[in-house]
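Printed below as a string of structure tokens:
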């Protein structure tokens with residue numbers, strides 16, 4: 005399995021509080037992604053990064069920000085958490101080389117916003 | 022990305038081959054076929070991918086029809102640990118694109 009860890013694995017927070025999720029990789033892959041998974045919606049891309057300090061928005065980026073100051077770490081921040089952001093969040097990585105760009109996923113973080 | 026169609030659920034006896042079909046009739050020439058699976062509450066796990074030719078690795082085989090409009094994932098000897106939701110995804114090779122996971126096929130391996 006790809007060396008991807010996510011922290012925390014579970015978090016319960018209250019509406020209006022800031023939350024930061026961390027994704028850490030040991031594969032030195034260039035690309036990192038944040039997805040959320042909700043029943044009936046499958047996995048949806050929030051943001052992704054194609055290098056240190058280089059990020060772009062995905063399909064459902066509103067209410068989220070990201071930062072990548074080191075190759076190995078990609079942070080997802082909910083500035084003011086809402087109940088609609090209750091979800092399971094997955095980080096993924098890929099090498100970003102030419103040809104097929106296989107993504108490998110982390111174990112997930114289950115976030116509950118009360 | 023091309024749309025895929027998979028049966029919502031399938032059963033397979035333990036030790037038998039599990040054949041999971043996927044239709045992708047609108048696939049473009051530069052789009053790959055990927056298969057992932059997700060065991061309950063875990064992150065999606067990469068299984069295999071292919072472009073035109075059949076592919077095999079330690080987990081599974083991927084059979085792609087000559088017209089590339091459909092494919093079959095084969096788990097040669099299914100075990101109880103293969104019970105999962107299996108996703109067929111078609112996407113181009115350029116980087117930075119998300120993987121669009123549909124509803125997949127829920128495979129249950131029966132003892």
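Chains as they are written, first to last, in this note's numbering: chain U, 5 to 118; chain L, 22 to 132.
Ideal Cβ positions, reconstructed from N, Cα and C, are used throughout, including at glycine.
In terms of residues, what are the limits of the beta strand (DSSP E) holding residue i?
i	result
residue 77 of chain U	77 to 82
residue 31 of chain L	30 to 34
residue 61 of chain U	58 to 61
residue 128 of chain L	126 to 131
residue 71 of chain U	69 to 74
residue 91 of chain U	91 to 98
Counting only C-beta atoms, is residue i closer than 7 Å to chain U at any point?
i	result
residue 70 of chain L	yes
residue 113 of chain L	no
residue 50 of chain L	no
residue 29 of chain L	no
residue 107 of chain L	no
residue 65 of chain L	yes
How about residue i: is its C-beta nearer than 7 Å to some C-beta of chain L?
i	result
residue 29 of chain U	no
residue 68 of chain U	no
residue 89 of chain U	no
residue 43 of chain U	no
Mind listing the chain L neighbours of residue i? Cutoff is C-beta to C-beta under 8 Å, in chain order.
i	result
residue 63 of chain U	119
Residue i bridges to which residues according to DSSP?
i	result
residue 13 of chain U	Residue 13 of chain U is not bridged to any residue.
residue 44 of chain L	L:26 and L:91
residue 54 of chain L	L:71 and L:111
residue 8 of chain U	U:29
residue 102 of chain L	For residue 102 of chain L, which the question treats as bridged, DSSP gives no partner whatsoever.
residue 48 of chain U	U:40
Give the interface partners of residue i over in chain U, defined as CB-CB distance under 9 Å, in chain order.
i	result
residue 36 of chain L	Ordered by position in chain U, no residue passes the 9 Å Cβ test against residue 36 of chain L, which lies about 25 Å from the chain.
residue 132 of chain L	Chain U residues near residue 132 of chain L: none, gap ~26 Å exceeds 9 Å.
For a contact defined as C-beta to C-beta under 7 Å, what are the partners of residue i on chain C?
i	result
residue 93 of chain L	Here the protein chains are U and L, and chain C is not one of them.
Which chain L residues sit within Cβ distance under 9 Å of residue i?
i	result
residue 46 of chain U	108, 121, 122, 123, 124 and 125
residue 110 of chain U	64
residue 79 of chain U	Going along chain L, no residue has its Cβ under 9 Å from residue 79 of chain U, so there is no contact; the nearest lies around 18 Å.
Touching or not, the region 58 to 69 of chain L and the region 103 to 113 of chain L, by the rule of three or more beta carbon pairs under 8 Å? yes
Counting Cβ pairs, one atom from each stretch, are 3 or more of them under 8 Å apart for the region 65 to 83 of chain U and the region 22 to 41 of chain L? no
Does the pairing of the region 87 to 97 of chain U with the region 9 to 28 of chain U give three or more beta-carbon distances under 8 Å? yes
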